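Undergrad: If you read the sequence shown in the numbering used here, its first letter stands for residue 31, the second for the next number, and so on. For glycine and all other residues, C-beta sits at the position ideal for the given N, C-alpha and C. Everything numeric in this text was worked out from a predicted model, so none of it was measured.
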Amino acid sequence: MDFQHPLKNQTVLVTGATGAIGRSIVQRIAELGGQPLIHFRSNEDEAKRLLRELGGNGRILQANLMENDGAVALWEAAEATGLKIGGLVNNAGIRTIARVDDTFEAWSEAWDEDLRVNLRAPADLCKCAIQYFRKNEGGRIVNIASRAAQRGYTEDHMPYGVAKAGLVNLTKSIARSFGKDGIVAVAIAPGFVRTEMAEEFIRAKGKHATLGDIPIGEMVEPTEVAELVCLCLRPDQRSLSGATLDINGASYVR
C-alpha cells in the first residue's frame, strides 16, 4: 500500500459535501489519493468551487435527499460516472425543531423531514451501496452520526437524536450482516463541530450550553472528523467494522 496516499484510486461518494464537514472530508480524501464524488443539494456554485480547488479530481452530483427517491437517484448518478465506487460517506444532515407544544401537524412534519434526511436517505444509500459492493469486491461505508445518538438531545431537537441513534444501529447491522461480503461499516459520532449548524445553536441556546460541558473547552474541528473518516476508508482498517468512534472532547465518555 502507498502509505502517503492510502486512498489511491479509491472513489468515494460523500453526501452533503459543500458543508464544513463534507468539504473537509472531500479535501482529505483527495489529499490521500482518492477521488471524491461531491454531492450537493442546491449549492452548485460551492460544489464547482470545491472541485476546482481539487484540480478537477472528482465529480459533482446533485440530489435532494428530502425527496423519497433522492438517495436512489444520487447513487444511480454515482454509478453513471463509470467510476468504480469503493466508499460511501453519509454525511448530509439537517436538524429540525419539534416542540412538544407545537401543533401535531408541525410536530409530524418536523419528524418526517428529520428522519427522511438523517436516517432514511442514508439507509437507502446503504442499500444501494451494499448491492453494488457485493458485486464489486466489497467497499466501505462511513456514517456520520452524533454524540446525540449516545446520550440524547435537547427537548426541541429530539428527532435528530433519534435519527442518529438509528444510524448507529444501522451501521452495526450492516457490519454484522455483510462483513462476509467484504463490506466494512463504521459510524462516527461527533460532539459539537465548528459548523454553521453549531453557530446557529450557540445563537439560540448560548455559548455555555454548547461548550460548558466539554472538558477540553473547544468544539470539534471539521478536519478532525475528516481524518477519522479517511482512517475508516483505508483498506488496512478492516477490523474497525461495526465500531462507533466518538469524537467529542470528552463531553460524553462510555
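Out of Ile171, Val172 and Ala178, state which residue places its alpha-carbon closest to the alpha-carbon of Ala193.
TA: In the sequence shown, counting from the first residue as 1, residue 193 sits at position 163. For the residues Ile171, Val172 and Ala178, the minimum Cα distance to Ala193 belongs to Ala178.
Undergrad: Leaving out five residues on either side along the sequence, give the residues of the same chain with a beta carbon under 8 angstroms from the beta carbon of Ile204.
TA: Counting from 1 along the sequence shown, the entry for residue 204 is found at position 174. Cys156, Ile160, Ile171, Ile213 and Ala215, listed in sequence order.
Undergrad: Can you tell which of Asp266, Asp154, Phe163 and Tyr190 has its C-alpha closest to the C-alpha of Ala140?
TA: Walking along the sequence shown from the start, residue 140 turns up at place 110. The shortest Cα separation from Ala140 among Asp266, Asp154, Phe163 and Tyr190 belongs to Tyr190.
Undergrad: Using a Cβ-Cβ cutoff of less than 6 angstroms, which residues in the same chain neighbour Val198 once the five nearest sequence positions on both sides are dropped?
TA: Locating residue 198 in the sequence shown gives position 168, counting from the first residue. Excluding residues within five positions, the ones whose Cβ falls inside 6 angstroms are Ala175, Ala179, Ala217 and Thr274.
Undergrad: Beta carbon of Gly88, beta carbon of Ile68: below 8 angstroms?
TA: Here residue 88 is taken as the residue at index 58 of the sequence shown, counted from 1. Here residue 68 is taken as the residue at index 38 of the sequence shown, counted from 1. Yes. Within cutoff.
Undergrad: Of all the CB atoms in chain D, is at least one closer than 8 angstroms to the CB of Gln57?
TA: The chain inventory of the structure shown lacks chain D, comprising one protein chain alone.
Undergrad: Identify which residue in Gln65, Pro220, Gly100 and His35 has its Cα closest to the Cα of Arg71.
TA: Looking up residue 71 in the sequence shown gives position 41. Nearest C-alpha to Arg71: Gly100.
Undergrad: With burial defined as no fewer than 16 other Cβ atoms inside 10 Å of the residue's Cβ, what is the status of Ala239: buried or exposed?
TA: Counting from 1 along the sequence shown, the entry for residue 239 is found at position 209. With fewer than 16 other Cβ atoms within 10 Å, it is exposed.
Undergrad: Keeping to the same chain, check which residues put their C-beta closer than 7 angstroms to that of Met188; ignore five residues upstream and five downstream.
TA: The residue given as residue 188 occupies position 158 in the sequence shown. Within the same chain, Met188 has close Cβ partners Ala128.
Undergrad: Short of 6 angstroms in beta carbon distance, which residues of its chain neighbour Ala195, apart from the five on each side in sequence? Order them along the chain.
TA: Here residue 195 refers to the residue found at position 165 of the sequence shown. Excluding residues within five positions, the ones whose Cβ falls inside 6 angstroms are Ala179.
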